[in-house]
Every structure is written in C-alpha cells, then in structure tokens.
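Encoded as structure tokens, the structure appears first; notes follow it.
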Ligand code: DX5
Ligand code: ZN
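Quick look at the structure:
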C-alpha cells in the first residue's frame with residue numbers, strides 16, 4: 382500500500398493538562414487530530430522529565446487514532462519493549478541518543494511497531510541517509526528538544542527540503558516537531574513535511590478549556606496549509 386502523504390496533525394500532549402489526559406485526548410480527537418504525539422523525556426538526554434511506559438499505557442486507552450511516541454531518552458534500547466507493550470504505534474528515537482542507532486531502529490521494528498528517527502537541529506539530515514531503509518518516519522526537530530513553547534528554528538526548513546530529496550520514493554513520513562503554528566506550518570509542508578506536531582498552538586496555555594476558548598486550533602493549522610502542496614521528492 383502506498384504511503385499516505387496527506388497532511389497529518391499530531392498534537393503534543395506535553396502542552397495538555399497532565400491531570401486530565403482522558404479529556405484532553407477526547408477533545409483533540411474530536412477537533413480532528415490525526416495522531417497523538419507523546420513526548421517522553423528522561424532528564425538526561427534532555428533537561429526535562431515527563432512520562433514513562435506505565436503512563437503511556439494509561440494514555441493509550443484514550444487514543445482512538447495513532448499513538449506517536451517520541452523518545453528523548455538515552456539509552457533507548459533497554460526501554461523499547463516497554464514502550465511497545467504500552468501500546469505505541471510509532472516509536473521514534475534520536476540519532477544523537479547513542480552510537481548504535483541502526484541497532485535501535487532494528488529493535489523497534491522487531492517489536493512490530495513503526496520506527497522513527499529524530500534529528501536535533503544541529504544534526505545535518507544527511508546523517509540519516511544510511512539509516513533510511515530502517516525508517517518509517519524521520520522527525521526533523523524545529524526546536525531543541527526538551528520543552529514546549531519554543532521558537533521555530535527557520536533554518537530547518539532548508540534541512541526538510543534536503544531530507545525530502547534524500548528520501549526519494551521510499552515510504553517514509555517527514556514529521557516536524559517544535560514551534561508549529563498556522564504561520565510556520567505551510568513553510569514546512571511546502572518543503573516536504575506531511576506530519577506536523579503542535580503542542581502550544583493546539584492547547585494554548587495548558588488545557589482543553591483554553592482550546593475551547595480559542596476554537597478549533599487543529600483546524601486553523603490545517604486551513605493554513607490548505608493551498609500548499611506537500612513537496613514531492
Ligand atoms: C519538544 C517536543 C515537542 C513539543 C512541541 O521537545 O518534542 O513535541 O511539545 O511543542 P510546541 O508545539 O509548543 O513547540
Ligand atoms: Zn516531540
């Protein structure tokens with residue numbers, strides 16, 4: 382089956398109300414999100430701490446779409462099974478998280494889950510080239526990982542363009558993570574991205590109640606990209 386490269390919006394629940402994930406997920410799915418992005422941080426690879434596998438498992442019960450788990454942890458390999466068992470559909474690990482990313486991607490695929498590779502803003506996308514045949518998704522970070530609400534790094538747009546060309550006709554999603562809002566979304570879609578992670582632009586200050594005040598934030602991002610064609614290889 383050919384890869385679905387139509388636009389997908391993946392709200393990051395890092396910006397949701399942590400005490401009410403069930404309601405927050407229900408709200409974003411009813412607003413029309415395509416995937417739910419779960420940011421796992423270890424206080425070591427990135428200077429922040431979030432969720433482990435038991436919480437992911439609890440969250441999973443509320444997700445009817447796709448659970449997209451972004452691991453910002455090092456090491457990765459000892460925890461892959463646990464996140465697979467927690468119900469992740471996609472498990473993404475960072476290229477910078479260790480010396481054996483090839484093995485990590487193999488281990489993710491061995492669990493039957495889709496394998497994602499994330500790249501920090503300081504990493505040239507060309508570093509992903511030898512690994513592309515093991516990837517179902519490449520995530521280009523448009524902020525330094527660790528926190529929501531940071532400013533979009535514009536020079537990453539050029540990296541997305543180069544990654545799109547490197548991927549060619551391989552069935553690989555290009556995901557953008559960080560600082561995505563209705564203004565920056567069309568820029569990365571035009572460069573070749575098909576999955577947009579958005580935290581603060583969706584939850585607007587930390588709860589589903591704010592999302593209600595601001596209206597359909599997912600729809601606003603989608604509408605901003607309406608007339609933009611996702612760059613082909
Ligand atoms: C950053 C995380 C992102 C983050 C995005 O380390 O990987 O998923 O939550 O948040 P915004 O959209 O607020 O930049
Ligand atoms: Zn993320």
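Numbering (this note's numbering), first residue to last: 382 to 614.
For each residue, glycine too, the CB sits at the ideal point set by N, CA and C.
For residue 580 and residue 396, the gap between their C-alpha atoms comes out near 5 Å. In summary, residue 610 is exposed, with fewer than 16 beta-carbon neighbours lying within 10 Å of its beta-carbon over all protein chains present.
The bridge partners DSSP lists for residue 473 are 451, 497. Taking C-beta atoms under 8 Å as the contact rule, residue 516 and residue 544 fail to qualify, at a distance of about 11 Å. Annotation for residue 444: no beta strand (DSSP E) segment contains it, and DSSP assigns it neither H nor E. The criterion of a C-beta distance shorter than 7 Å is not satisfied by residue 512 and residue 496. With a 10 Å radius around the Cβ and a threshold of 16 neighbouring Cβ atoms, residue 483 comes out exposed. Sorted by chain position, residues whose beta-carbon lies closer than 5 Å to a non-hydrogen atom of the ligand ZN are 420, 451, 558. For residue 395, the Cβ falls inside the 6 Å cut-off from some heavy atom of the ligand DX5. Counting along the chain, the unbroken alpha helix (DSSP H) around residue 539 starts and ends at 537–548. If you draw a straight line from the Cα of residue 436 to the Cα of residue 458, it is about 19 Å long.
For residue 443, same chain residues with a beta-carbon under 8 Å away, outside a window of 5 residues either side, are 402, 403, 406, 407 in chain order.
Between the ligand DX5 and residue 529, a heavy atom-to-CB distance of less than 6 Å is present. Annotated three-state conformation of residue 462 is helix, per DSSP. Here residue 451 is buried, its C-beta having at least 16 other C-beta atoms within 10 Å. The C-alpha of residue 529 is placed about 21 Å away from the C-alpha of residue 469. With respect to the 7 Å criterion, residue 567 and residue 601 are not classified as neighbours on the basis of their beta carbons.
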